[in-house]
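Numbering (our numbering), first residue to last: 22 to 507. Built from N, CA and C at the ideal position, the CB exists for glycine as well. Fair warning: this is a prediction, and the values are worked out from it, not measured in the lab.
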Amino acid sequence: MMDLKFKQLIGRLGGADFILCITKTAEWTDIESVIEGFLIYQSSEETWVFEFNSFKEDTTQIKQIPRYSSTPFNGTQNKFISFDCSKFQFDGHTENIAFDYTKNENKAELSIISERSKEDTGGSDDSGSKTSLFNNETGYQYIEAFKKDFLEASLKAAMGYITQSVSFLNINGKLPKLQGTEMELNLGPRKVRIRKSIKKNQNTASYKGVNVFSKQILLKISTGDGFKMLWDFYISILIQERINLAKKELSAKQNFIQHYFGLKYYDAVCIESPFYSEGTLKDLLDLYQRHNQTIDEVLIMLYAYEILRILQVLHRINIIHTNICLKNFIIGDCNTGDNVSPIDLRCLILKGFYESIDLNNFCDDVMFVGSRGNEEYECPEMFHGSPWKFQVDYFAAASSIHFLIFQTNMNTYMDPNTKKLTICKSFKASWNDKIWTKFFSVLINFPSQSSFLSDLIFSLADELSQRSDELKIALSRKNDLIMEDE
């Protein structure tokens, strides 16, 4: 038994009655601060943050909640600890609590969004399938990433932060009815004029419109459960705020979708985003195919360079996209100008964070298992049911560029000499075989050392700088095709 010092966090968050901030000792600083309406007690040492929810049947459970870098629970990456709380009592006044404290990596809870399987400790479980397994041989925790309960629980843990965002509104009512196009839609305090229906299916629809600031927007509406759209909104906000905190990569903000606004009704979720007229890389490929032309090598090289830079930033801020593909890269407005270097054009924008993973929710020893069912973009680990992490994005990036070059899915084989995966296709004689061979070799064999990826990015940047005039011609030809197609 040991004493733990705690303070109560005033307020409610994510459905919890109150929050406990706990330290190992009774040492607290006198500093108190109010952040976004919550009173934070700051400790002179690392603090664990827990939520206590009396709405559950078992009111003795205390679970650790994620501490996102952009929320009041700012701090170091989570360390997950298991407590025996069966005899814990809280009367609202006591400042010291005592219960068994055990730090056991083989029994620790992963987080609020995933439970370790009873197989870890040899126990049984009748509650159904779990989202987590522990491998005693490797010491890694395996999380089943694409299960619906995993995604829903992730969103539940994040909802407290989402609702605090100034660009989000939770409305107690139903979504106004959409009656055709060319109509004005009141979305809470915002007004949007719908111009055109872009895409519809059973539960989602996309519309082109204009907001009150006369900006062209894309309005997405989900009348289903909407949890994936909310998660996409949440991850997009996290990306922008973590880049701000990093400070070194501020210009990289241009490479990630920035939603204008999000609304949640009883029966729908709406997300307002910028509208980009050129569409996605998939749309670009379709454009060239309609005109029986192929994309210039130097233009594909620019896109390959930007994709790698985007992934480098994304992974540095501890997020895995999991669904890298041509349709999730928007072609935005390049930073054009006479003195702009090709490596500073910033013409791709990553979107589609519906099933992305925030690694700040997990221990360092976590790996993921599961498949999205999109075989042409799946890394070998995902395809064969093995654990994966960042390589899921790198392999999909290679598959995307392969499709731009050859207009076919990427097939690979194991080279008996190098013992590495190699693509089956050969490049045109006029293409830079050396740099493209390096590109695919690094990505499909997973750059376990960051220096491999950095070296590849440097090689692409150097090649683009030498071929800047050729790139300008390729960009001009692309723009001509777009105008011709309108």
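Beta-carbon gap between residue i and residue j smaller than 8 angstroms
{"i": "alanine 178", "j": "serine 243", "result": "no"}
{"i": "phenylalanine 167", "j": "arginine 393", "result": "yes"}
{"i": "phenylalanine 248", "j": "leucine 172", "result": "yes"}
{"i": "lysine 410", "j": "isoleucine 341", "result": "yes"}
{"i": "serine 421", "j": "cysteine 346", "result": "yes"}
{"i": "isoleucine 192", "j": "glutamate 203", "result": "no"}
{"i": "isoleucine 164", "j": "phenylalanine 389", "result": "yes"}
{"i": "isoleucine 321", "j": "isoleucine 426", "result": "yes"}
{"i": "asparagine 232", "j": "glutamate 293", "result": "yes"}
{"i": "leucine 199", "j": "leucine 206", "result": "yes"}
{"i": "aspartate 317", "j": "alanine 450", "result": "no"}
{"i": "serine 175", "j": "isoleucine 258", "result": "no"}
{"i": "leucine 239", "j": "proline 295", "result": "yes"}
{"i": "tyrosine 286", "j": "lysine 195", "result": "yes"}
{"i": "leucine 481", "j": "tyrosine 326", "result": "yes"}
{"i": "methionine 431", "j": "histidine 423", "result": "yes"}
Residue span of the alpha helix (DSSP H) that contains residue i, given as start and end
{"i": "glycine 353", "result": "Where glycine 353 is concerned, there is no enclosing alpha helix (DSSP H), given that its DSSP letter is neither H nor E."}
{"i": "glycine 181", "result": "169-185"}
{"i": "glutamine 333", "result": "318-337"}
{"i": "phenylalanine 427", "result": "412-427"}
{"i": "phenylalanine 448", "result": "Element bounds for phenylalanine 448: n/a, residue is neither H nor E."}
{"i": "isoleucine 404", "result": "Strictly speaking, residue 404 in this sequence is phenylalanine, with isoleucine absent from that position. Unbroken alpha helix (DSSP H) run through phenylalanine 404: 401-404."}
Extent of the continuous beta strand (DSSP E) run through residue i
{"i": "arginine 263", "result": "Where arginine 263 is concerned, there is no enclosing beta strand (DSSP E), although the alpha helix (DSSP H) it sits in stretches over 248-267."}
{"i": "alanine 226", "result": "225-231"}
{"i": "phenylalanine 189", "result": "189-191"}
{"i": "isoleucine 292", "result": "290-295"}
{"i": "leucine 240", "result": "237-243"}
{"i": "leucine 380", "result": "Note, leucine 380: premise wrong, no beta strand (DSSP E); not H, not E."}
{"i": "lysine 285", "result": "282-285"}
{"i": "leucine 305", "result": "From DSSP, leucine 305 is part of no beta strand (DSSP E) but of the alpha helix (DSSP H) over 302-311."}
{"i": "leucine 371", "result": "369-371"}
{"i": "isoleucine 278", "result": "It is not in any beta strand (DSSP E) - isoleucine 278 carries neither H nor E in the DSSP assignment."}
{"i": "leucine 442", "result": "442-444"}
Residues that residue i bridges to, as DSSP identifies them
{"i": "asparagine 207", "result": "Lys212"}
{"i": "proline 437", "result": "Proline 437 pairs with nothing; no bridge assigned."}
{"i": "isoleucine 341", "result": "Ile378"}
{"i": "lysine 274", "result": "Answer by DSSP bridge pairing: none, since lysine 274 is not bridged."}
{"i": "serine 218", "result": "Tyr228"}
Close Cβ partners of residue i (< 8 angstroms) along its chain, the five nearest in sequence each way excluded
{"i": "lysine 493", "result": "none"}
{"i": "glutamine 261", "result": "Lys274, Phe277, Gln279"}
{"i": "threonine 301", "result": "Leu347, Lys348, Asn349, Phe350, Ile351, Ile352"}
{"i": "serine 486", "result": "Ser362, Pro363, Ile364"}
{"i": "serine 235", "result": "none"}
{"i": "arginine 311", "result": "Asp506"}
{"i": "aspartate 414", "result": "Leu332, Leu335, His336, Ile341, His342, Thr343, Ile345"}
{"i": "leucine 380", "result": "Asn339, Ile340, Ile341, Val387"}
{"i": "isoleucine 503", "result": "Glu299, Leu308"}
Contacting residues, own chain, Cβ-Cβ under 6 angstroms from residue i (five flanking each side not counted)
{"i": "histidine 405", "result": "none"}
{"i": "phenylalanine 461", "result": "Ala419, Ile444"}
{"i": "alanine 226", "result": "Ile242"}
{"i": "lysine 220", "result": "Ser227"}
{"i": "phenylalanine 416", "result": "Cys400, Ile465"}
{"i": "aspartate 112", "result": "A caution first: aspartate 112 carries a pLDDT of 35, below 50, which makes its placement in the model unreliable, though a value can still be read off. Around aspartate 112: no qualifying Cβ."}
{"i": "lysine 303", "result": "Leu347, Lys348"}
{"i": "tyrosine 398", "result": "Cys346, Ala417, Ser420"}
Chain B within 8 angstroms of residue i, Cβ atoms only
{"i": "tyrosine 375", "result": "Note that chain B does not occur in the displayed structure, where there is just one protein chain."}
Residue i Cβ short of 7 angstroms to the ligand GDP heavy atom set
{"i": "glutamine 223", "result": "Although the ligand GDP was asked about, the structure shown includes no ligands whatsoever."}
Chain-order list of residues whose beta-carbon lies under 7 angstroms from that of residue i (same chain, five-residue window excluded)
{"i": "lysine 441", "result": "Ser462, Asn466"}
{"i": "glutamate 491", "result": "Val319"}
{"i": "lysine 499", "result": "Leu320"}
{"i": "threonine 433", "result": "Leu442, Thr443, Ile444, Cys445, Ile465"}
{"i": "leucine 208", "result": "Leu284, Cys291"}
(message) Please give me, in chain order, every unbroken run of the alpha helix (DSSP H) with length at least 4 that falls completely inside the segment 458-495.
(response) 471-487
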